[in-house]
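A.B. asks: Quick one: structure below, then a few questions.
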Amino acid sequence: MAATAESVLKPDFKSQRKHFIFTDEHEQLRESIRSFATKELAPHAEEWEETTFPDSVFRRMGELGFLGLDKPEQYGGQGGDYYSALVLAEEIGAANSGGLAMGLAVQTDMAMPPILKFGTEEQKREWAEPAIKGEKILCLGITEPDAGSDVSGIKTRAVRDGEDWVINGSKTYITNGHRADVIVLVTKTDPDAGYDGFTLFLVPMDSPGVIREKRLKKLGMHASDTALLAFQDVRVPDTAVLGAVGKGFYHIMWELQGERLIGAAGCVSGAQRCFEKTLQYANERKAFGREIGKFQVIRHKFAEMATKIESARQMVYVTAWRFNNGEYPVREISMAKLHAARVACEVADECIQIHGGAGYMVEYGVERVWRDMRLNRIGAGTDEIMLDVIGRSYGL
Ligand SMILES: Cc1cc2nc3c(=O)[nH]c(=O)nc-3n(C[C@H](O)[C@H](O)[C@H](O)COP(=O)(O)OP(=O)(O)OC[C@H]3O[C@@H](n4cnc5c(N)ncnc54)[C@H](O)[C@@H]3O)c2cc1C
5 MAATAESVLK PDFKSQRKHF IFTDEHEQLR ESIRSFATKE LAPHAEEWEE
55 TTFPDSVFRR MGELGFLGLD KPEQYGGQGG DYYSALVLAE EIGAANSGGL
105 AMGLAVQTDM AMPPILKFGT EEQKREWAEP AIKGEKILCL GITEPDAGSD
155 VSGIKTRAVR DGEDWVINGS KTYITNGHRA DVIVLVTKTD PDAGYDGFTL
205 FLVPMDSPGV IREKRLKKLG MHASDTALLA FQDVRVPDTA VLGAVGKGFY
255 HIMWELQGER LIGAAGCVSG AQRCFEKTLQ YANERKAFGR EIGKFQVIRH
305 KFAEMATKIE SARQMVYVTA WRFNNGEYPV REISMAKLHA ARVACEVADE
355 CIQIHGGAGY MVEYGVERVW RDMRLNRIGA GTDEIMLDVI GRSYGL
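Quick note: the sequence shown uses our numbering, first residue 5, plus one each step.
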């Protein structure tokens, strides 16, 4: 039987249909964040590698409503769903600055969620509301010089003293630590109580005894500031306790799930942007009389990268859909974080290879993606810890 016009199906590689988790409103939001990041942030990306990005970015994004997309309206947020936070994590990539994206994510998706979930009304008014406006900057202190992956090994102590608590200890690698107004601080309040011996505190960074010791130099994420902090006899009132006394470990494990999924979304979008930039290069750069993208070896590199990025994207979206619908899919979040971080690093590395010597040069920006993305296999839980969480979830 002869084929009719209707029965001849041709592949439509240009189709840009949105994923089922996103609505038209999400797509409009996507456009407005992308346009803002492209026009107002990206032109400064190089400069901020040297100076770190200015605090005014928080205020500007607060004015635009971008710091409270999924936060309750009663505290100045937009009251959107979790997907709107994913859209921000994806589109802020248009700023071309991993360090900036990380500093913002600490504000919106690391330090703020525990305040909104476990905080008192007063704490939400004092810290979350101005943070959504970009008028206050937040940071989160889990890691210490002697304990990172092993959160239960932290030594920072908070001891009751009458109506107050007195805190002593040290935190390191703290993003936003030099500029923050307050820290969500993980402490040990009862060393004999195991996982029930931890408590979170909201410690104003101008409290006597809080010392911003060192601005740490690092491989990538140069636009962010990273601090070594000391706490020496820092006295805070009982109202500084965030959540339940003794339940800080569980509170922070909950916080890490949202942070990991947002981080995974950032990895997918970072990998996608690097892929697109490199595709353009491969279509322009010629060797041996043809565009390098026309060599089968290079074409297959793109095919491999695209397949990896797509698999990571689907994991992130489907896991976000479960998270948004009230599930607590720790195994899948760990898988998405592990996979997306690996994919981002592999893609950035392959993009340098496809660029050849240009990939090694600062002006093409690919080496920066490679350096910035590398953090994702370490921060918010290393690959090895993700593998352990996944493995243990099968009862091993
Ligand atoms: C740029 C940057 C920004 C950061 N920002 C923050 C922040 O804002 N707030 C904050 O609190 N922290 C922050 N961190 C800290 C980060 O979360 C930790 O570095 C990370 O959790 C790993 O901890 P660690 O560095 O102590 O490594 P370690 O725990 O010492 O691990 C060293 C190695 O041992 C492996 N390992 C450890 N335990 C196991 C195990 N059980 N099984 C197998 N392997 C294991 C690890 O996977 C890793 O390969 C930041 C880090 C960086 C680099």
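Each residue gets a CB set at the ideal place from its N, CA and C atoms; glycine is no exception.
What you are looking at is a predicted structure, and each value in this text was computed from that prediction instead of being measured.
Based on the DSSP output, what are the partners of L142 in its beta bridges?
C.D. replies: Paired residues: V186.
A.B. asks: Indicate, with yes or no, if ligand 1 has a heavy atom lying under 7 Å from the CB of A310.
C.D. replies: No, the beta carbon of A310 sits no closer than 7 Å to any heavy atom of ligand 1.
A.B. asks: With a threshold of 8 Å, are at least 3 pairs of Cβ atoms found where one atom belongs to the stretch 373–380 and the other to the stretch 271–282?
C.D. replies: Touching, yes, given that three or more Cβ pairs across the two stretches are closer than 8 Å.
A.B. asks: Note down the Cα distance separating N100 from A49, rounded to an integer number of angstroms.
C.D. replies: So the alpha carbons of these two residues sit roughly 6 Å apart.
A.B. asks: Go through its chain and collect everything with a Cβ distance to E167's Cβ below 8 Å, but skip five positions before and after it.
C.D. replies: Once the five neighbours on either side are set aside, the close Cβ partners of E167 are P241 and D242.
A.B. asks: Enumerated in chain order, which unbroken segments of the alpha helix (DSSP H) with a length of 4 residues or greater are wholly contained in the stretch 70–135?
C.D. replies: Correct list: 86–95, 102–109 and 116–122.
A.B. asks: Tell me where the beta strand (DSSP E) around N380 begins and ends.
C.D. replies: Note, N380: premise wrong, no beta strand (DSSP E); not H, not E.
A.B. asks: Determine the DSSP secondary structure at G173, reduced to helix, strand or coil.
C.D. replies: If DSSP states are grouped into helix, strand and coil, G173 belongs with the strands.
A.B. asks: With C-beta atoms as the reference, is V373 less than 8 Å away from M309?
C.D. replies: Not closer than 8 Å, so no.
A.B. asks: K22 to R277, Cα distance in whole Å?
C.D. replies: Approximately 17 Å, taken between the alpha carbons.
A.B. asks: Taking just the CA atoms, how far does Y254 sit from L45?
C.D. replies: If you take the alpha carbons of L45 and Y254, they lie about 36 Å apart.
A.B. asks: Measuring only the C-alpha atoms, how far is Q111 from F306?
C.D. replies: Cα to Cα, Q111 sits roughly 34 Å from F306.
A.B. asks: Report the rounded CA-to-CA distance for R375 versus M225, giving the unit in angstroms.
C.D. replies: Cα to Cα, the separation comes out at about 7 Å.
A.B. asks: Who are the Cβ neighbours of G157 in its own chain at under 6 Å, not counting the five residues just before and after it?
C.D. replies: Correct list, in chain order: A151.
A.B. asks: Helix, strand or coil for L232 per DSSP?
C.D. replies: Residue state, collapsed to three classes: strand.
A.B. asks: Please confirm whether A324 and L265 have their CB atoms less than 8 Å apart.
C.D. replies: Taking 8 Å as the Cβ cut-off, A324 and L265 qualify as a contacting pair.
A.B. asks: Tell me whether K341 counts as near ligand 1, meaning its Cβ is closer than 7 Å to at least one heavy atom of that ligand.
C.D. replies: False, no ligand heavy atom lies under 7 Å from that Cβ.
A.B. asks: Closer than 7 Å to a non-hydrogen atom of ligand 1 - does that hold for the CB of C271?
C.D. replies: Outside the cutoff, so no.
A.B. asks: Relative to ligand 1, is the shortest distance from any of its heavy atoms to the C-beta of V373 smaller than 7 Å?
C.D. replies: Answer for V373: no, Cβ out of range of ligand 1.
A.B. asks: Assuming F205 and I171 make a contact with CB atoms under 8 Å, what is their CB distance in whole Å?
C.D. replies: The pair is a contact, with the Cβ atoms about 7 Å apart (cut-off 8 Å).
A.B. asks: Return no unless some Cβ of chain C is closer than 8 Å to the Cβ of H48.
C.D. replies: Chain labels in this structure do not include chain C; a single protein chain is all it has.
A.B. asks: Return the first residue and the last residue of the beta strand (DSSP E) that F202 is part of.
C.D. replies: Segment F202 to P208, the beta strand (DSSP E) holding F202.
A.B. asks: State yes or no: is the C-beta of V110 nearer than 7 Å to some heavy atom of ligand 1?
C.D. replies: Yes.
A.B. asks: Output the residue ranges of the alpha helix (DSSP H) runs that lie fully inside the stretch 276–348 and measure 4 residues or longer, sorted by chain position.
C.D. replies: Runs found: 300–328.
A.B. asks: For E217, report the span of its beta strand (DSSP E) as first-last.
C.D. replies: Note, E217: beta strand (DSSP E), V214 to R219.
A.B. asks: Within 10 angstroms of its Cβ, does V370 collect 16 or more other Cβ (buried), or is it exposed?
C.D. replies: Result: buried.
A.B. asks: Relative to ligand 1, is the shortest distance from any of its heavy atoms to the C-beta of I153 smaller than 7 Å?
C.D. replies: A small fix is needed here, since residue 153 is Ser in this sequence, not Ile. The answer is yes for S153.
A.B. asks: Can you give the beta carbon distance from P76 to G247, rounded, assuming they're within the 8 Å contact cut?
C.D. replies: Their Cβ separation, rounded to whole angstroms, is 17 Å, which puts P76 and G247 out of contact at 8 Å.
A.B. asks: At which residues does the alpha helix (DSSP H) containing D165 begin and terminate?
C.D. replies: Careful: D165 lies outside any alpha helix (DSSP H), inside the beta strand (DSSP E) at R161 to D165.
A.B. asks: Identify whether V272 lies in helix, strand or coil by the three-state DSSP scheme.
C.D. replies: The answer is helix: DSSP assigns V272 an H, G or I state.
A.B. asks: When DSSP labels each residue in this structure, what does T27 get in the three-state scheme?
C.D. replies: If DSSP states are grouped into helix, strand and coil, T27 belongs with coil.
A.B. asks: Should G102 go down as buried or exposed, given a rule of 16 or more other Cβ atoms within 10 Å for buried?
C.D. replies: Classification for G102: buried.
A.B. asks: Quick check on A151: does DSSP put it in helix, strand or coil?
C.D. replies: Strand.
A.B. asks: For a test of the three-state rule: what should DSSP assign to R63, helix, strand or coil?
C.D. replies: Note: R63 maps to helix in three-state DSSP.
A.B. asks: Just grab the DSSP bridge partners of P195 for me.
C.D. replies: Answer by DSSP bridge pairing: none, since P195 is not bridged.
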